[in-house]
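*Asks:* In UniProt numbering, the protein residues as written are 1 to 223.
Beta carbons: idealized from backbone N, C-alpha and C, even for Gly.
1. Suppose the cutoff is 6 Å on Cβ atoms and the five residues either side in sequence are ignored; what does the same chain contact list for residue 60 look like?
2. DSSP has residue 81 in a bridge; who is on the other side?
3. What is the DSSP secondary structure of residue 73, reduced to helix, strand or coil?
4. Going by CA-CA distance only, name the one from 86, 96 and 150 that's closest to residue 112.
5. Could you check the C-alpha separation between residue 98 and residue 144 for me, to the nearest Å?
6. Tell me, which residues are paired with residue 133 by DSSP?
7. In this structure, does DSSP put residue 40 in helix, strand or coil?
8. So residue 49 is in the alpha helix (DSSP H); what residue range does that whole segment cover?
9. Is DSSP giving residue 94 helix, strand or coil here?
10. Quick one: Cα of residue 87 to Cα of residue 40, how far?
11. Can the beta-carbon of residue 90 be found less than 8 Å from the beta-carbon of residue 78?
What follows is the structure, given as structure tokens:
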């Protein structure tokens, strides 16, 4: 059998790309013009609300490391803390005041109910955190829950806490302690009231009480 001539396609087949071909490799180098136009964004500072909540979570705990880190990262060097029984100036003093939690309490559990934001007259940020904070005493099986309003003033320039104030009721705290609460309500508070009245009577001169207008007119009226 005689075979006919073999026909070849007129369109040549492109050879496979070599592994080293620049067309098969991604660009590994960028031009200097592209690099020059890159902009590295600086990390954004935390929002005042986040600062207040981070400080609140760290301070109302029994974790000294977290309290020290919060003081370092968020408190101004001259920050002040105040509550009904304590006042502390400088960030180190504030940190030390809260580190005492570990000595007195086995557990501190804050439960935040609301967060309010605003500004003061100087333009600083003000964040108020309303929370029920439960303190479990270390030596006694007693759990005290104190409603606490924490106000944080955050400097608008440095973005650090310059003032932290806790507002809570001493009476609410005392009345939750067995025996002590009863004595406080039935004896201490009435005694304090009596002493105040006694001091006022001793130190302030008695004031003459002028007669009322109606009685003066009645006694001096002529027929």
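*Replies:* Working from what's here:
1. Around residue 60: 108, 110 and 133.
2. Paired residue(s): 88 and 164.
3. Three-state result, residue 73: helix.
4. For the residues 86, 96 and 150, the minimum Cα distance to residue 112 belongs to 150.
5. The C-alpha of residue 98 lies about 17 Å from the C-alpha of residue 144.
6. In DSSP, residue 133 forms a bridge with 110 and 146.
7. Three-state result, residue 40: coil.
8. Counted as a single uninterrupted DSSP element, the alpha helix (DSSP H) harbouring residue 49 occupies residues 48-59.
9. DSSP, read as helix, strand or coil, puts residue 94 in helix.
10. Taking the straight line from one Cα to the other gives about 43 Å.
11. Cβ atoms of residue 90 and residue 78: closer than 8 Å.
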